[in-house]
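All residue numbers for the sequence shown refer to UniProt numbering, where the first residue is 449 and numbers rise by one.
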Amino acid sequence: AKSRGRGQFCLYEASMDSEVKNRQLLASELREALEHNQGLMLWYQPIICTHSEKIVGLEALVRWQHPQQGMISPATFIPLAEETGLIIPLGEWILKQAFTMAKRWPQLIVAVNVSPLQLRSRNFIEQLMQLVANAGIAPQQIELEITEGILIDDEHEANALVCSLRERGFHLALDDFGTGYSSLSYLSRFPVNTIKIDRAFIQPLGLVDNATAIVRAVVDLGHAMHLSITAEGVETREQYQALVAAGCDRLQGYLFHRAQPPEEINALLAAEIVDDDS
Ligand code: C2E
Ligand code: CA
Ligand code: CA
Ligand code: CA
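The structure is reproduced here in structure tokens:
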């Protein structure tokens, strides 16, 4: 029994070891993908105005086509990039790509996800202003999507950062709203422009009794604070109708469009113009 115990222990250790090795390998492959600008792509998901039903914005979502493993989800490799510090160069690459495309889509807001680590990195604002200048766009065209994560450590520092980004003209959206600890209290202290209600609150609309009441309360609260409200993960007509009734300003989800490459976005935008003419 004793030796079996030892054996099991060794087996456990070995599997831990290979798990760590896999992640290390993936991290070094991510570093190479970045260095050689291979396999990383930025796709865009349209954001729809509830009233006009037109595309008013695009959220940039990163994709990684791995040479052997196929598409790897950002839900997997963004945390890995955060653990290894690669999020800094990756984040810069993402901003640069998104700003270049923003120049080509001057009528639209381009939303970019910014990791807390990236946001708090030294010279982030200087880097951002440099990238905006290089791309030849105005900060007003960019919406930075941040999460509560940035607000956890040093609240004063986070508040100063958010204020300073606002002063320079960037829009700020609080992403995944409602999933954290104390979203409501944060909201009163961080001057964002937009709340993005997490998909977790959109999914139960029309299925669960109080779901509509919760969404309505968030929309009313946000509007009372002069914020605009985006719902993410809208998949069904029922959800759509509930969100229209609740007064939600912008909608995003598979019911409308998935994230897609820039060429396909261009085709969508061109089709919208044709619609207008008829
Ligand atoms: P997120 O910022 O909350 O992005 C929304 C996610 O929901 C995206 O997944 C999007 O494709 C997906 N989605 C959109 N509409 C629907 C829908 O109707 N139904 C369902 N089931 N899903 C929908 P994605 O692209 O896999 O990204 C996952 C997460 O990875 C993002 O969540 C974000 O936290 C992170 N991420 C993605 N791109 C970036 C990036 O460029 N930078 C950083 N820092 N994080 C990113
Ligand atoms: Ca987002
Ligand atoms: Ca989100
Ligand atoms: Ca989410």
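We put the CB at the ideal spot given by N, CA and C, even for glycine.
Between Glu531 and Ser563, the C-beta spacing is not below 7 Å. Under DSSP, Tyr634 forms no beta bridge with any residue. Burial state of Thr642 is buried, judged by a 10 Å Cβ sphere holding 16 or more other Cβ atoms. Closest in alpha carbon position to Glu593, among Asn485, Lys469, Ser500, Asp624, is Asp624. Counting only unbroken stretches of 4 or more residues, the alpha helix (DSSP H) elements lying wholly within the segment 485-537 are 522-532, in sequence order. When rounded, the separation of the alpha-carbon atoms in Phe572 and Ala694 is 37 Å.
Considering only Tyr702, Ala679, Lys502, Glu480, the residue with the shortest C-alpha distance to Val666 is Ala679.
Under the Cβ criterion (8 Å, minimum of three pairs), the segment 546-554 does not count as touching the segment 519-529. Judged by DSSP in its simplified three-state form, Asn571 adopts coil rather than helix or strand. Arg698 is bridged by DSSP to Cys497, Thr678. Between ligand 1 and Leu509, a heavy atom-to-CB distance of less than 6 Å is present. At least one heavy atom of ligand 3 is found less than 6 Å from the C-beta of Asp623. By the 16-neighbour rule on beta-carbons within 10 angstroms, Asp697 is buried.
Annotation for Leu622: the continuous beta strand (DSSP E) segment containing it runs 619-625. Ligand 3 approaches Glu680 closely enough that one of its heavy atoms is under 6 Å from the residue's Cβ. Just so you know, the alpha carbons of Leu635 and His619 end up roughly 15 Å apart.
When beta bridges are read from the DSSP output, Gln578 appears opposite no residue. Contact between Ile495 and Gln700 holds, with the beta-carbon distance rounding to 5 Å and staying under 8 Å.
Close CB contacts of His514 within its chain, under the 6 Å cut and outside five residues either way in sequence, are with Ile520 (chain order). Counting the other CB atoms within 10 Å of its CB gives Val558 a total of 16 or more, which places it among the buried residues. Residue burial annotation: Ala508 is buried, with at least 16 other C-beta atoms found within 10 angstroms of its C-beta. In the DSSP assignment, Ile594 falls within the beta strand (DSSP E) that extends over 590-594. Judged by DSSP in its simplified three-state form, Asn561 adopts strand. By the Cβ rule, the segment 671-685 does not count as touching the segment 470-479, because fewer than three pairs are nearer than 8 Å. Proximity of the beta carbon of Asn561 to ligand 2 is indicated: a heavy atom of the ligand is located closer than 6 Å.
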